[in-house]
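This report concerns only the one structure given below.
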Amino acid sequence: MEGGRYTFHAGASSRDLRLSKETEVEADTVRRPFTENSTIGELLAHPVAARVLAAAVHRGAGPAQSTASKELGIDAKKSGLRIPVGRVRSLSGGASLPKTELTRLLEAVNAEWGN
């Protein structure tokens, strides 16, 4: 449920409201399990995943500014944050993040979050 201020009404009908009560509701915390479809950005926002993922990214890191960034005028690093982590693994042939390491990473993060 979204958090915020809510007003509840009770009555015989919508035209005959006899009681109103306003209250503050705290938002539910939704924790979706991380999968191979989770983006690099989502994983980097998690402290445990960020530490493990950063090491894997550094192993496969390219030049500081990519050709795409220069020639297309885009920020390739920001665009890369939207890529699902499983896709990066498959594009690199598993060189920067082997399947077993990715599976362990996702299991560890999900276990820490109670997913």
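Numbering (our numbering), first residue to last: 6 to 120. Beta carbons: idealized from backbone N, C-alpha and C, even for Gly. Computed from a prediction, not measured in an experiment: that's the story for all the values here.
Have a look at S43 and T105 and give me their C-alpha separation to the nearest angstrom.
Distance between the alpha carbons of S43 and T105 is about 16 Å.
Within 10 angstroms of its Cβ, does F13 collect 16 or more other Cβ (buried), or is it exposed?
exposed
The beta strand (DSSP E) enclosing A15, as first and last residue numbers
9-18
Alpha-carbon to alpha-carbon, A15 and L102:
Whole-angstrom Cα-Cα distance: 57 Å.
Within 10 angstroms of the Cβ of I88, are there 16 or more other Cβ atoms? Answer buried if so, exposed if not.
Looking at its Cβ environment, which holds fewer than 16 other Cβ atoms inside 10 Å, I88 is exposed.
Three-way DSSP call (helix, strand, coil) for R87 in this model
Of the three classes helix, strand and coil, the one that applies to R87 here is coil, per DSSP.
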